[in-house]
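Novice:
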Amino acid sequence: MPDLLNVREAGRRTIRLLRFQDGLWDILLGVAFLLMSIYPITRALLGPTWNAVAVGLALSALFAGAAWARVVLVIPRRGVATPRPGTMRTMTIAFRLTLFLALVTAVLWTLFATSLVPSPPWGTVPDWVNTLAPEVVVALLLVLILSLVARSAGLGRIYVYGWLLGLGNLASSALQHYKGYRFGFPLAIAAGIVLMVGVFVFVRFLREFPAPRSVS
Amino acid sequence: MKAKECGQEAVQALACIDRVMHEPARLAVVTYLSLVENADFVFLMHAVELTWGNLSSHLAKLEEAGYVAIEKGYVGKKPRTTLRLTDKGREALQKYRMGMQTALRATAS
Numbered sequence: 174m175p176d177l178l179n180v181r182e183a184g185r186r187t188i189r190l191l192r193f194q195d196g197l198w199d200i201l202l203g204v205a206f207l208l209m210s211i212y213p214i215t216r217a218l219l220g221p222t223w224n225a226v227a228v229g230l231a232l233s234a235l236f237a238g239a240a241w242a243r244v245v246l247v248i249p250r251r252g253v254a255t256p257r258p259g260t261m262r263t264m265t266i267a268f269r270l271t272l273f274l275a276l277v278t279a280v281l282w283t284l285f286a287t288s289l290v291p292s293p294p295w296g297t298v299p300d301w302v303n304t305l306a307p308e309v310v311v312a313l314l315l316v317l318i319l320s321l322v323a324r325s326a327g328l329g330r331i332y333v334y335g336w337l338l339g340l341g342n343l344a345s346s347a348l349q350h351y352k353g354y355r356f357g358f359p360l361a362i363a364a365g366i367v368l369m370v371g372v373f374v375f376v377r378f379l380r381e382f383p384a385p386r387s388v389s
Numbered sequence: 641m642k643a644k645e646c647g648q649e650a651v652q653a654l655a656c657i658d659r660v661m662h663e664p665a666r667l668a669v670v671t672y673l674s675l676v677e678n679a680d681f682v683f684l685m686h687a688v689e690l691t692w693g694n695l696s697s698h699l700a701k702l703e704e705a706g707y708v709a710i711e712k713g714y715v716g717k718k719p720r721t722t723l724r725l726t727d728k729g730r731e732a733l734q735k736y737r738m739g740m741q742t743a744l745r746a747t748a749s
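Just so you know, the sequences run in chain order A and B.
Residues 174 to 389, numbered by my numbering, are exactly what the first sequence covers, in order.
Residues 641 to 749, numbered by my numbering, are exactly what the second sequence covers, in order.
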């Protein structure tokens, strides 16, 4: 029987059961970053607009598939619960931070892409700052956000995901800039590891949580 | 022993411990329910790692004490049992924790 009086551990266990026990979150994360790793290739093939459309469609299909799997395969086996706001506080902070950063990125990208705002005078800063500083910031943010998630769920593997994906993205950008590699294979390897772990966790979930014959 | 007699003495504090709550499986059930607004039977069974029959019998006792509300309904054609900790249950858990702390402090001093 799990720890009874440790409310914090019980909270973490609740989050794990509700969000991470089935491995779908890992699979989504892995595929999303795998798409990012081939983004420069598909962009060169399809052009910026159609590439954005294709990636958007692929991500939408992925989320729809995960939602279907959750309803059909996960919920009958694992059950459902509505956590109290306090139980999910750290997860909520991580989620809101991610949304905020995604929104800021989208706004800045739109402003620069449509030339509504002139691009910063990059010529005055050293080349490595121009190239890698944003990627270092992205890596640190990935580590921060995934560490928050890992801490709230008490899951060691998510700490590793943060470092893997952050450093993979940084290495891919460096290779792209200095060696001209279009395929971000360090990020693809990192995302592939996350994806494989997700698939393993999902299969384990299906084995350990058999579908009940008579539903409660 | 009446509530007002529950003092700081070890014996008094121990005598006031809620016997319904003072059972590991029921305490686990109440602890997990205190973290959620509501949960269904299957989720709780996995969370506290009890068998179907065992959880049912503990829930019956908790419902009898007024600590847990059990609602039976349907989602589509499938039956679903939804469980919720009542205000009385939440208060009893809080009292139980304080009572145990008092008793342990009293026995240690």
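Just so you know, even glycine gets a beta-carbon here, dropped at the ideal spot from N, CA and C.
(1) So what does residue 723/B bridge to, in DSSP terms?
(2) Considering residue 254/A, what are the terminal residues of the beta strand (DSSP E) in which it resides?
(3) Kindly indicate which three-state DSSP category residue 388/A falls into: helix, strand or coil?
(4) Closer than 8 Å, CB to CB, is residue 676/B near chain A or not?
(5) Going by the DSSP bridge assignment, what does residue 372/A pair with across the sheet?
(6) So which residues of chain A does residue 709/B contact, with C-beta pairs closer than 7 Å?
(7) Using the Cα positions of residue 191/A and residue 291/A, report the straight-line distance between them to the nearest angstrom.
(8) Let's test the definition: count the other Cβ atoms within 10 Å of the Cβ of residue 710/B and tell me whether it reaches 16, buried, or not, exposed.
(9) Give the interface partners of residue 746/B over in chain A, defined as CB-CB distance under 8 Å, in chain order.
(10) Classify residue 280/A as helix, strand or coil using the three-state DSSP reduction.
(11) Give me the DSSP bridge partner(s) of residue 587/B.
(12) Rank 259/A, 264/A, 218/A, 373/A by C-alpha distance to the C-alpha of residue 325/A and give the top, closest one.
(13) Could you check whether the Cβ of residue 207/A sits closer than 8 Å to any Cβ belonging to chain B?
(14) At least one CB of chain B closer than 8 Å to the CB of residue 256/A: is that the case?
(15) For the putative contact between residue 251/A and residue 708/B, defined by C-beta atoms under 8 Å, what is the C-beta separation to the nearest angstrom?
(16) Who are the Cβ neighbours of residue 747/B in its own chain at under 7 Å, not counting the five residues just before and after it?
(17) By alpha-carbon positions, which one of 253/A, 204/A, 218/A, 216/A ends up nearest to residue 231/A?
(18) Measuring straight from C-alpha to C-alpha, what distance separates residue 340/A and residue 180/A?
(19) Measuring only the C-alpha atoms, how far is residue 361/A from residue 342/A?
(20) Which chain A residues sit within Cβ distance under 8 Å of residue 680/B?
(21) Within the chosen definition, does the stretch 220-231 of chain A reach the stretch 182-198 of chain A through at least 3 CB pairs nearer than 8 Å?
(22) Answer with yes or no whether the minimum CB distance from residue 187/A to chain B is below 8 Å.
(23) Against residue 184/A, what residues of chain B qualify as contacts under a CB-to-CB distance less than 8 Å, listed in chain order?
(24) Is there at least one Cβ from chain A nearer than 8 Å to residue 698/B's Cβ?
(25) Evaluate residue 185/A with the Cβ neighbour count: other Cβ atoms within 10 Å of its Cβ, from every protein chain shown; 16 or more gives buried, anything less gives exposed.
(26) Since residue 267/A and residue 322/A are thought to touch, with beta carbons under 8 Å apart, how far apart are those beta carbons, to the nearest angstrom?
Specialist: From the atom records:
(1) 679/B, 710/B
(2) Following the DSSP letters along the chain, one finds residue 254/A inside the beta strand (DSSP E) bounded by residues 254-256.
(3) Low local confidence applies: a pLDDT of 47 at residue 388/A is under 50, so the model's placement there is unreliable, and no value is given.
(4) Using beta-carbon distances, residue 676/B counts as an interface residue toward chain A, with a partner under 8 Å.
(5) Note: residue 372/A sits in no beta bridge, so no partner.
(6) By Cβ distance, chain A contributes nothing, its closest Cβ being about 14 Å from residue 709/B, past 7 Å.
(7) 45 Å
(8) Exposed is the call here.
(9) The premise fails here: residue 746/B is roughly 18 Å from chain A at the closest Cβ pair, so nothing lies under 8 Å.
(10) helix
(11) Any answer about residue 587/B is impossible in this case: the structure gives chain B only from 641 up to 749.
(12) 264/A
(13) Not flagged as an interface residue toward chain B: residue 207/A, since no C-beta distance is shorter than 8 Å.
(14) Taking Cβ atoms only, chain B reaches closer than 8 Å to residue 256/A, which makes this a yes.
(15) With a Cβ gap of about 20 Å, residue 251/A and residue 708/B do not count as contacting.
(16) 650
(17) 204/A
(18) Looking at the two C-alpha atoms, the distance is approximately 34 Å.
(19) Residue 361/A and residue 342/A have their alpha carbons spaced roughly 9 Å apart.
(20) 252, 253, 254, 389
(21) Cβ pair count under 8 Å is below three, so no.
(22) yes
(23) 675
(24) no
(25) buried
(26) Contact flag correct, Cβ pair sits at about 5 Å.
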